[in-house]
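Asker: For reference, each letter of the sequence shown is one residue, going 144 to 279 in the working numbering.
Using N, Cα and C, we set each Cβ at its ideal position, and we do this for glycine too.
Attaching a single structure in C-alpha cells format; questions to follow.
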Amino acid sequence: MLNLFDLMLLMLCGLVGMLFWQLRQISEGAEFHARRLCQQRRLQMLNVARVQARLGRIPGQGIGWKTRYQVEFSTDGLNSLKAELEFLGNRLKDTQMPFYPEPEWQQAPQSRGRVGMGSCGGGSCAPKKNCGTGCR
C-alpha cells in the first residue's frame, strides 16, 4: 500500500522527469535554430552546448526555463567562433553573433549581382535613358 511518503516521492520523481523533458525540448529547439542560423549565413556548425538554465518568471507564460546556449561555428573549417542563443521557454529571445570573416564570393550560395554590368545595370556600354554616364 502507498503511504504519504511514497506518494510524495513518486510526485517528486515525476516533477524531475517533467523538468528534464522540458529542457530536452528546448535543447532540440536550440539545435534547430543553430543549424538554421549557420545554413543561412553559410557557416559550418561545430557544437551546441547549454551554458545556463534556470527557472524564472516569463512574461505572458508564467514560470518557465530561461536558458542560454553557446554555438560554435567555423567560417572556413580552420577557425572556431562562438555565438549565443537565449531562450525564454521554448522561444528564441536573442541571438548574439561575433564579427567574422565572410566566406569568399565564389563560395556564396547564390550570386545576386552581376560582374561587369556597369553603374546603370545594363549589359552594354551604350547610353541608356536617364543615364548620363554612358555606363562605362
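Can you tell me whether DSSP reads LEU145 as helix, strand or coil?
Answerer: Residue state for LEU145 is assigned as coil, using DSSP reduced to three classes.
Asker: For ALA251, which of helix, strand or coil comes out of DSSP?
Answerer: Residue placement at ALA251 cannot be trusted, given a pLDDT of 48 that sits under 50; what the coordinates show is reported in the next sentence. The answer is coil: DSSP assigns ALA251 none of H, G, I, E or B.
Asker: Decide if MET260 is buried, meaning its Cβ has at least 16 other Cβ atoms within 10 Å, or exposed.
Answerer: With a pLDDT of 49 at MET260, under the threshold of 50, the predicted position of this residue should be treated as unreliable, and no value is reported.
Asker: By alpha-carbon positions, which one of MET240, GLN204 and PRO244 ends up nearest to ASP219?
Answerer: PRO244
Asker: Does the region 180 to 196 come close enough to the region 146 to 159 that 3 or more CB-CB pairs lie under 8 Å?
Answerer: no
Asker: Do MET188 and GLU215 count as a contact pair if the criterion is CB distance below 9 Å?
Answerer: Taking 9 Å as the Cβ cut-off, GLU215 and MET188 qualify as a contacting pair.
Asker: As a quick exercise: from LEU231, ALA226, LYS236 and GLN195, pick the residue whose alpha carbon is nearest that of ARG178.
Answerer: ALA226
Asker: Going by DSSP in three states, GLU215 sits in which element: helix, strand or coil?
Answerer: DSSP places GLU215 in strand when its eight states are reduced to three.
Asker: Which class does MET154 belong to by DSSP, given the choice of helix, strand or coil?
Answerer: helix
Asker: Does DSSP put PHE175 in a helix, in a strand, or in coil?
Answerer: helix
Asker: Determine the burial state of ALA173: buried for a count of at least 16 other Cβ atoms within 10 Å of its Cβ, exposed for fewer.
Answerer: buried
Asker: Could you tell me which residues DSSP pairs with TRP208 in its beta bridges?
Answerer: Bridge partners of TRP208: LEU198.
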